[in-house]
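Since the structure comes first, as structure tokens, the remarks are kept for the end.
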């Protein structure tokens, strides 16, 4: 269950889709993300929607897939971005990422890959590596 910013609706996953409900009466008022449309270019089947995060305006969604646990409370995933307005799904980057999150202006996503920090500009599609000294912690 995820509360929407309007304060009167919430979402819940149902049959692979993200459905919007009214807090007042609990009735479904529509579908925010239709799971069958979560197909990126070159894919044959839709990705599975199990969790997500959204930007402040709730028009862009970060959807993790193929999640792999690293330690007790950390994991890495292949993240996709769902654009509600264009109804398009696109990969955030190549490989698996960690800690993906929208920037305060909502036009970029920061994430960690291979222990280095990257920023993806959502308007241009440009990915910039911020650090290059990430090392795997030895046991």
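Numbering (this note's numbering), first residue to last: 41 to 179. Note that CB positions come from ideal geometry on N, CA and C, so glycine has one too. All of these numbers come straight from a predicted model, not from anything done at the bench.
- In this structure, DSSP gives residue 176 a state outside helix and strand, which the three-state scheme calls coil.
- Nearest to residue 76 by C-alpha distance, out of 142, 54, 62, is 54.
- Per DSSP, the beta-bridge partners of residue 109 are 115.
- In this structure the stretch 156 to 174 lies against the stretch 131 to 141, because at least three pairs of beta carbons, one per stretch, are closer than 8 Å.
- About 5 Å separates the beta carbons of residue 105 and residue 87, which is inside the 8 Å limit, making them a contact pair.
- Bounds of any beta strand (DSSP E) do not take in residue 92, whose DSSP letter is neither H nor E.
- A direct Cα-Cα distance of roughly 43 Å separates residue 174 from residue 48.
- Secondary-structure assignment with DSSP links residue 135 through no beta bridge to anything.
- With respect to residue 100, residue 67 sits apart: the two C-beta atoms are not nearer than 7 Å.
- The beta carbons of residue 127 and residue 97 sit about 16 Å from each other, so the pair does not count as a contact at 8 Å.
- In the displayed model, residue 70 falls within a strand according to three-state DSSP.
- The three-state secondary structure of residue 54, taken from DSSP, is strand.
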